[in-house]
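As given, the protein sequences belong to chains Y and D, one line each in that order. All residue numbers for the first sequence refer to our numbering, where the first residue is 3 and numbers rise by one. All residue numbers for the second sequence refer to our numbering, where the first residue is 3 and numbers rise by one. To start, the structure under review is shown below, and the notes come after it.
There are 2 protein chains.
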Amino acid sequence: MNPKKPQSQMATQRPTVKTLAQTTGYSIATISKALRDSPVVTAETKERIREAALKAGYQANMRGVSLRAGKTFQAAVLMPVTVAEGFEWDGVEYTQILSGISQALEGSDYRISIHVIRDAEDGRLAAQRIVDAGLADGLIFSGILAEDPRIDFLVERNFPFVALGRCRKPLAYAHVDVDNDWAAYAATERLIAGGHRRIALINPDGRLSYAMDRIDGFHRAFVQAGITPCDDLIAAGGLSTRFGKESVLHLRHIPDPPTGFICVNEATTLGVLAGLAELGLAAGRDVDVIAYDDINVSAYFAPPLTTFYLPIERLGRKLGEFFLRRIAGEEPAALQELYRPDLVVRQANQQQRGTP
Amino acid sequence: MNPKKPQSQMATQRPTVKTLAQTTGYSIATISKALRDSPVVTAETKERIREAALKAGYQANMRGVSLRAGKTFQAAVLMPVTVAEGFEWDGVEYTQILSGISQALEGSDYRISIHVIRDAEDGRLAAQRIVDAGLADGLIFSGILAEDPRIDFLVERNFPFVALGRCRKPLAYAHVDVDNDWAAYAATERLIAGGHRRIALINPDGRLSYAMDRIDGFHRAFVQAGITPCDDLIAAGGLSTRFGKESVLHLRHIPDPPTGFICVNEATTLGVLAGLAELGLAAGRDVDVIAYDDINVSAYFAPPLTTFYLPIERLGRKLGEFFLRRIAGEEPAALQELYRPDLVVRQANQQQRGTP
DNA sequence: CAACATAATAAAAACGTTTTCAATAAGGGT
DNA sequence: ACCCTTATTGAAAACGTTTTTATTATGTTG
């Protein structure tokens, strides 16, 4: 075979507008307009060109479109991961977030590109790289800090983005969030109504905005009930299973230990249950545990736990929708939504049980 | 303000090779060569141009590079998700896979783009779309079926890809896999040695290649021990928590029920434990459970379980490495690796316990 | 019937690169 | 002093689009 394959090689090449122009006899301008359904080209030629395109299996080359349009058609998602091995079930909910975003982007020309980050500061660097190098047309990220460097940066550069969570600065930006203040309030109130006076809040990193929201709600429930808030029972740490377990082991060994636990996610909840098991305690009998659940797994814990449940995939869908609308030019102020999770009762709200 | 902003607008535009050409006085050809460190351009001019580029904050526009090079610089990853809400902890390990791939791709120009798929057939469509529309330079995917339409398609089209798992056809393609045959064999052997004669294998969808591998290993252990294989105790279904629970509830109600359970992943394991709890049985006392663990969570189950553990992030890293090498032109036959998970003993291997 | 508006298509420019090829300058050998 | 080689840079083409502008043909109007 001739290594240059002058003829057969050409035949197997992907067709372009130029190819179609040659086969149909029209100019590449008309081809382009016809395929984009421009009103200036006649219905008959449109038909003819479309047919030829179909026959040739023509697909517009995104690289050409991209260069010409000055767009990347990429939605960059910052995905946090923990560094070390032995990470323990961290970030498991991201699959669902991505699924939701993906659903929203279906039908659009946008694709999801993943940028793994270690922490918020690393996230700022990633954001800067994405903006400076023009790697994407917009950004989606979560794990918002009260003072989030990414939000500051992106707002200042006027780069489109949607945040899963709100920071504590009065800036206008598109976001989706869970009403964590309310959820923590409702959980605490429920435990108080169940007779608990010493309640532990297993919380993530204190710089996270929603960690503060949860503390606010936690406090308010005590104040409204006229009880001293359990500030000493707030465990601020990771979202890991290990942290949940360690928190229980620690908190149950201090004087006047907690009898109720409010967990921040499924991972810490699993850890809390593991810690209780190690101490010979059982949720629903010796202590009460209320969880927050993104991925509908609390039903399978032993015992099944009462949770505040909001499928995180739904948030993902909203993120994707807001992303597209933001890219299309809508104002950030119009792209903000707050969700309240559903209370799923799986354990009775027991009254005044003697603390073991 | 003048809506056209003739001057200030220009100043804020991203610099291009043309800009640099103007500021330095060199031609765009020289600029390009200098920045790519071509040997034909003199050291002095290189230095001058690099300085100017740095000062201007020049970053090559990927869209231009992409069009010219005919590459997308995208590594497409097919990410499976279950459709319905109430998905129950499915696909949680993908975060780790992505993290691993991301680590391997660091330093390269490649970015990860996510394509969510519902099942293998949907995956084939996605693969076809990616290939036909030229959305990526290569593909990474998992959940390999014994007869996987994606592998057939991609091999036939000679499109670069790396599979997490092997199909059962004798095709040459890059892959990374876990030795599931061995793992299932070892798990079964251990339970047999512990005195169990009726052992259940909680397996994923039977069309999955690694499901068959596991059955093979499962069988072999019985044969080698001279015991009748428990074909009736193979539960082939999903990877979901629900399936794990339902399997236990079903299997424990048949005559001569299993006393040992071998689980396929953490999700089903959690379900199995939930099912056992509902029946009043405890792992490690009434029955034995051996799990397979991707994400190091089995230590927190109650009780902690003996598992075969292989951090899936490591597989992800290998996938990314193989991807780059495949893209660079290496032969698929050189890009194949099989991993054996580590046995992590958390429960004693008990002898001949009366089945309750 | 000439002038002109309108419709349809074609030509050309642009997006930002990289690469091939041409052009210039400098140096070395005879 | 002249030719030839070599080193360095510049010009131009190409990647595949889309959009702006120009060109032609057609029909309408005074």
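Every residue, glycine too, gets a C-beta built ideally from N, C-alpha and C.
Between the CA atoms of residue j and residue i - distance to the nearest angstrom
| i | j | result |
| --- | --- | --- |
| Ala129/D | Glu268/D | 29 Å |
| Thr309/Y | Gly219/Y | 16 Å |
| His255/Y | Ala335/D | 58 Å |
| Cys169/Y | Ser110/Y | 29 Å |
| Gly88/D | Leu56/D | For Gly88/D, the predicted model reports a pLDDT of 47, less than 50, meaning its position is unreliable and no value from the coordinates is stated. |
| Gly318/Y | Arg327/Y | 14 Å |
| Ala54/Y | Leu22/Y | 7 Å |
| Leu253/D | Pro259/D | 6 Å |
| Leu69/D | Glu333/Y | 32 Å |
| Ala62/D | Phe161/Y | 19 Å |
| Val67/D | Thr18/Y | 19 Å |
| Met64/Y | Asp215/Y | 43 Å |
| Tyr175/D | Phe75/D | 21 Å |
| Leu147/D | Leu278/Y | 41 Å |
| His117/Y | Pro41/Y | 40 Å |
| Ile132/Y | Ala301/D | 38 Å |
| Ile329/Y | Gln98/Y | 22 Å |
| Lys20/D | Leu345/Y | 60 Å |
| Ala276/D | Ala304/D | 10 Å |
| Arg316/D | Val347/Y | 39 Å |
| Glu280/Y | Asp124/Y | 37 Å |
| Leu80/Y | Val178/Y | 15 Å |
| Leu59/D | Lys73/D | Per the sequence shown, residue 59/D should be read as Gly rather than Leu. Computed Cα separation, rounded: 24 Å. |
Simplified DSSP assignment, three categories, for residue i
| i | result |
| --- | --- |
| Thr74/Y | coil |
| Asn298/D | coil |
| Glu324/Y | Residue 324/Y is actually Phe in this sequence, not Glu. Reduced to three states, the DSSP call for Phe324/Y is helix. |
| Tyr96/Y | helix |
| Asp234/D | helix |
| Val346/D | strand |
| Ile146/Y | coil |
| Gly318/Y | helix |
| Ala36/D | helix |
| Gln15/Y | coil |
| Leu80/Y | strand |
| Leu203/D | strand |
| Phe89/Y | Confidence at Phe89/Y is low in this model, with a pLDDT of 49, below 50, so its placement is unreliable and the value that follows should be read with caution. Correct three-state label for Phe89/Y: coil. |
| Ile30/D | helix |
| Ala2/D | Missing from the structure shown is residue 2/D; chain D here goes from 3 to 358 and no further. |
| Gly240/Y | coil |
| Leu141/Y | strand |
| Gln354/Y | With a pLDDT of 48 at Gln354/Y, under the threshold of 50, the predicted position of this residue should be treated as unreliable, though the coordinate-derived value follows. Here Gln354/Y sits in coil by DSSP. |
| Ile103/D | helix |
| Ala335/D | helix |
| Ile329/D | helix |
First through last residue of the beta strand (DSSP E) which encompasses residue i
| i | result |
| --- | --- |
| Tyr341/D | Gln338 to Tyr341 |
| His117/Y | Arg113 to Ile119 |
| Ile264/Y | Gly262 to Ile264 |
| Phe361/D | Nothing about residue 361/D can be read from this structure; chain D reaches only from 3 to 358. |
| Tyr311/D | Thr308 to Tyr311 |
Alpha helix (DSSP H) segment containing residue i, residue limits
| i | result |
| --- | --- |
| Ala213/Y | Ser211 to Ala227 |
| Arg159/Y | Pro151 to Arg159 |
| Leu56/D | Ala45 to Ala58 |
| Asn182/D | Asn182 to Ala195 |
| Thr271/D | Glu268 to Glu280 |
| Phe367/D | Since the first residue of chain D shown is 3 and the last is 358, residue 367/D is not available in this structure. |
| Val42/Y | Counting along the chain, Val42/Y falls outside any alpha helix (DSSP H), and DSSP gives it neither H nor E. |
| Leu127/D | Ala122 to Asp134 |
Distance between beta carbons of residue j and residue i, contact taken as under 8 Å
| i | j | result |
| --- | --- | --- |
| Gln349/D | Gly286/D | 5 Å |
| Gly246/Y | Cys265/Y | 7 Å |
| Arg113/D | Ala77/D | 7 Å |
| Gly140/D | Gln352/D | Gly140/D to Gln352/D, Cβ: 48 Å. No contact. |
Closer than 6 Å: residue i CB and nearest the ligand HEM heavy atom
| i | result |
| --- | --- |
| Trp184/D | With respect to the ligand HEM, the structure offers nothing, as it holds no ligand at all. |
If contact is defined by three or more beta carbon pairs under 8 Å, each pair taking one atom from either stretch, is the region 184 to 196 of chain Y in contact with the region 220 to 230 of chain Y? In short, these stretches touch, since the Cβ pair count reaches three.
Quick one: any contact between the region 36 to 46 of chain Y and the region 94 to 106 of chain Y, if contact means 3 or more CB pairs under 8 Å? Note that the region 36 to 46 of chain Y does not touch the region 94 to 106 of chain Y; fewer than 3 beta-carbon pairs, one per stretch, sit closer than 8 Å.
Would you be able to state if there are at least three C-beta pairs under 8 Å between the region 234 to 245 of chain D and the region 294 to 314 of chain D? Contact fails: fewer than three Cβ-Cβ distances are below 8 Å.
If we count Cβ pairs, one from each stretch, closer than 8 Å, do we get three or more for the region 135 to 151 of chain D versus the region 293 to 300 of chain D? The region 135 to 151 of chain D is not in contact with the region 293 to 300 of chain D.
Determine contact between the region 203 to 215 of chain D and the region 229 to 239 of chain D, defined as no fewer than three beta-carbon pairs at a distance below 8 Å. Contact between the region 203 to 215 of chain D and the region 229 to 239 of chain D is present: 3 or more CB-CB pairs across the two stretches fall below 8 Å.
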